[in-house]
Structure formats: C-alpha cells, structure tokens
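Here the first sequence stands for residues 1 to 480, numbered as in UniProt numbering.
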Amino acid sequence: MGLKEQLVRKGDYVWELPKNTVNGQKVPVIIYLSDALFELLEEDAIKQAANAATLRGVQKAIYVMPDVHVGYGFPVGGVMATDTETGIISPGSVGYDINCGVRLIATNLQSKDVAPKIKELMQEVLKNVPAGVGSTGDIRLSPSSMEEVLVKGAKWAVEHGYGLEEDLEHIESFGSLPNADPSKASHEAYERGSDELGTVGSGNHFVEVQMVEEIYDEEIAQKLGLHEGQVTIMVHSGSRGFGHQVCTDYLKVAVRVLPKYGIELPDPQLACMPFLSNEGQDYFKAMCAAANYAFANRQILGFKTANTVRRFLGLSWEEFGYRLIYDHAHNIAKIEEHRVGSKLKKVVVHRKGATRAFPPYNPEVPPAYREVGQPVIIPGDMGRASYLLVGQPDSMEKSFGTACHGAGRVMSRRAAKRLVKEQGLERVIAGLTVVARGKGTIMEEIPQAYKDVSEVVRVIHELGIAKMVARLKPLGTLKG
DNA sequence: ATGTGC
C-alpha cells in the first residue's frame, strides 16, 4: 500500500502519516493541504518526509507545507527540527540554494505612475540588474572582502552604499547570522562567489515591479504602510554559486563520515552529521556564511532595482519613498527554542522551501511590526500574484513557527517548454511584461507550470499559521 | 537551485 493511502485525515487541512508507518520512523509526518492540493501530493514527497522522520534527534513531527514537492533528499516545503545536543544537521534538508529568500520593498509610487511605461522600465531594469545562469555583477570580491561579506551579510551591502542602515532592522536575523565562519567555506566557493554578488540567478528567481491589488486586513496593512494601488518591488534570489558549492562540499563530507558516526540512512541524499560533531559544526558555520552572502545579495538587488526605477522616473529618493518592508529566508537551518511536549527545547530548525512565520510579540519580530507579527512574503508565479501575510500564534505549535514559501511547481520544466512550443510563447504569457536575456527560463517558468498560489496561501491562513494582509500583482518581471 | 543534462 502506498503512503498516500495511509495518510490519516486529522482536520479540514491536516493529514498525518503516523509514526512507525515506515521502518524507524520516530515521529509523525504532518501535512497541511486542502482537498484540491491533496490531489497534487506526490507519493515520493511523503516518502522523503517519512525518511527524514527516521533521523537522529528529530523532534515532535516533520511538518509539510501545502506547496510541497519532491526535492533533493527532503521535500521542498518540509520543516524538520532536531535536538541540538543529540540530533543531526542535514545539508540536503536546507537545500542547494542556501538562504534562497524573498524581499519586499514599498514605494510612494502609484500603479498609474509606472503601468503605462512598464515595458521601457523593465528594459532599463534588464540593463542594470544582471540575471541568468552564470551571470556576473559589477562587484569583484577579493578573498578578504569576501570574508567581510560572509560575516556581515546585508550590513556589508549597506556600508558599501546599497540601501539604508534602517533596512537591517527589517531583515530576518538583521541580515547577518552570527555563527558564520568564512574559513569553513572552500576555495572553490570563494571563486564562484567572487563575481556573482548582486545578481539574480535563474530558475524561479526574479525581480519584479508590482502593485498592491487587494488588501485583506486594512488595519495591519496600514501598520505596514501599504495601500491599494501602491507600487512595490519584490526580489527572489539566494546565495548563487557560493551556497551551491557549500552544499555540494558538505554533502560529500557528510557521506564520508556516516560510518564514523554510525549513521544509517534510508536515502543517501539525506546524508547528515551530528550537529555537535566537528563536521556538523563546520557545515553549520559555512551555511551561515552562505546565508549572509544571500542577505547581501538581496540587499544589493533590491536597492539597485529601486534606484533604476527611481532614475527612470526622474525622481528624488524622497519622492520615490524607498522603504524595506521585510526580507526573509526560505532555505535555511537555524537554532531556535520551541516547545516540545511540556518543555522548551533548543532545536535546529531546517526550513527547506518554508518561511519563518513568527507571531506578534515574538522577540525576533522587529519593533515596528511587534503587534502585527513577522511579515511573511509568498512569491507566486509571474502571471498571477504574490502575497504578504503576517505570522500568527498557532504557527509555533503547528509548524515550529513556519509557513509555506510559494506556489510550487505542478508541471516539469520539460512539460512547460512543450506547452510553450505547442501554443506559442506570445499566447501563453499574453498580457504579461517579462524581460530576460533569453527565452529559456521564461518558457520553464510560465504561470501554467505552477500551482495556484492563492490556494496554498489560503490553507496557511485557514490554519492560523499566518494571516493574509495583501495580494500583489506583477506589473513587470525580470527573469534569469 | 546550479560555471544547468542522458
């Protein structure tokens, strides 16, 4: 019998694979889905979550978000917490793109200010913001300046003129993880990262000019400084080749030391090390360094895009009204304190394609947002919409303080290309303004290739994990 | 995701 058939329905949006369903499964797998999204759930994604539930020191449950799909070893949309003393850390459960994440910038502009000239504006963004596989930026980092980026994260970017000091307060972990140790990243990672800072990358990464299309909660929107018709800028990118190399390097290390630590795995892609081992600590410190690279990357991308739009419209900064709403990771592992049973416990929370969604009054939520909760930015596809939510109290018990991260693919890259070839690109993306160096990524990233992000977000809202605040509509998109 | 892959 397949695992999907063994899922037990626990509520309108809650499914459970009880512990011990697969051999050695220490905790249940809890999957959050609507009926429509249940239909799209892949057997292999359940298997991957169940595999993770066998790992050493895993706590409470593996949680799976409604935008789940199969990933490398651990599903995208998966959340795993392991005991900091007895548990493991797993590079595959963070993902190859360490600190892939999203940033949302508010402006004083109205959609009517940009909509009529959006094509010309996006051509200007294409000229100024490097995008695509292997694209390089205008920053060259010597090994010593690279070290500074890896330690300071977004702060490095602000010190070098990209953005404002006050931006840092509105970034997860203030844009800089304290456990970063640049010496734990390889020479190869340094090389790859030396010319890619301030570049978008490829795949689902993008820079987008948007408008606030609908407000769901007026009071919260007001506190966040958002209103209908307002122009926003969204950035979706990560740590580029640097993070990719860190993941590659430490997956090899993990595989090598499995026998030393007596770790047996249901899937070699789940290769991991005890968190407190030398190798586990090395990975953690290198991963934090890669996360800081990504924070710096998005800081530069967001500011460069804003500056391009501002100059195109001939506005002063004051008229433009640049303001960072928030920036957060959705591929990361962090040490956090969570309630497990009756006591608080320090755990390593792995979020892979999953966003931290801390509730109001959590000390990690910046003062300006303390009463509304941590902003949760959910990018959709380039055709439909993206969402802004805020973390709610139930997230702590239901998912280690975690929400979804996006729409999630429903069509393979190959199938998407086939559809475009059959129907023609003009027809498939009719009415959208998308710019890119080539057509390849656009073909793979058509809206039809994605699940409906509204349905994903609705599940998170209904569960009380995060609350819907606003829907953002793409005006123009830059893809890799 | 990725100096993209059988």
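Where a beta carbon is used, it is the ideal one built from N, C-alpha and C, also for glycine.
In angstroms with no decimal places, state the Cα-to-Cα distance between residue i and residue j.
| i | j | result |
| --- | --- | --- |
| T84 | D282 | 14 Å |
| Q392 | E462 | 11 Å |
| L7 | T21 | 10 Å |
| residue 492 | G373 | This structure gives no information on residue 492, because the portion of the chain shown stretches from 1 to 480. |
| G134 | F242 | 12 Å |
| M234 | L141 | 26 Å |
| F74 | W317 | 44 Å |
| N23 | S386 | 39 Å |
| residue 526 | D195 | The question about residue 526 has no answer, for the chain in this structure spans 1 to 480. |
| K451 | E42 | 13 Å |
| F284 | V207 | 29 Å |
| M468 | L388 | 6 Å |
| T82 | Y96 | 20 Å |
| V309 | A157 | 19 Å |
| G71 | E319 | 44 Å |
| R256 | C100 | 26 Å |
| D381 | M396 | 28 Å |
| W15 | R409 | 21 Å |
| G153 | P375 | 20 Å |
| G11 | Y32 | 9 Å |
Going by DSSP in three states, residue i sits in which element: helix, strand or coil?
| i | result |
| --- | --- |
| R351 | strand |
| A157 | helix |
| P393 | coil |
| residue 495 | Nothing in the structure corresponds to residue 495, since the chain is present only between 1 and 480. |
| A45 | helix |
| K343 | strand |
| I465 | coil |
| H328 | strand |
| K127 | helix |
| V452 | Going by the sequence as given, residue 452 is Asp instead of Val. Residue state, collapsed to three classes: coil. |
| T402 | strand |
| A368 | helix |
| H244 | helix |
| L472 | strand |
| S93 | helix |
| I429 | coil |
| M122 | helix |
| L3 | coil |
| K260 | coil |
| Y322 | coil |
| P266 | coil |
| D35 | helix |
| P274 | strand |
| D67 | strand |
| P375 | strand |
| R458 | helix |
| Y250 | helix |
| L388 | strand |
| V8 | strand |
| K117 | helix |
Along the chain, where does the alpha helix (DSSP H) that runs through residue i open and close?
| i | result |
| --- | --- |
| R414 | 413-423 |
| P143 | 143-152 |
| I442 | 440-444 |
| I300 | 278-313 |
At what residues does the beta strand (DSSP E) containing residue i begin and finish?
| i | result |
| --- | --- |
| L104 | 101-110 |
| K334 | 331-340 |
| E77 | The sequence shown places Gly at residue 77, rather than the Glu named in the question. That run of the beta strand (DSSP E) goes 76-83. |
| V58 | It is not in any beta strand (DSSP E) - V58 carries neither H nor E in the DSSP assignment. |
| M234 | 230-237 |
Whose CA, out of the options, lies closest to the CA of residue i?
| i | options | result |
| --- | --- | --- |
| V246 | L478, A294, P274 | A294 |
| A180 | V149, K252, E422 | V149 |
| V390 | T107, L419, A470 | A470 |
| G57 | K346, E455, I171, A436 | K346 |
| G438 | A45, A131, V235, G24 | A131 |
| I325 | T477, A189, Y369 | Y369 |
| P379 | K473, P116, I62, N362 | K473 |
| H69 | S412, E397, K467 | S412 |
| K260 | P274, D113, E218, Y96 | P274 |
| S145 | I171, P182, T136 | P182 |
| T355 | G341, D327, G153, K155 | D327 |
| S34 | V64, D44, V207 | V64 |
| G353 | K10, G92, T199 | G92 |
| E166 | G87, R323, I89, N204 | R323 |
| D267 | A53, L17, I98, A154 | A53 |
| L126 | R414, K304, E371 | K304 |
| D67 | L478, H330, M443 | H330 |
Return yes when the C-beta of residue i is under 7 Å from any heavy atom of the ligand MG, and no when it is not.
| i | result |
| --- | --- |
| L109 | Ligands are entirely absent from the displayed structure, and the ligand MG is therefore not among its contents. |
* To do: Could you name each continuous alpha helix (DSSP H) segment of 4 residues or more that falls completely within the segment 166-221, going from the start of the chain to the end?
  => The segment 166-221 contains these whole alpha helix (DSSP H) runs: 187-193.
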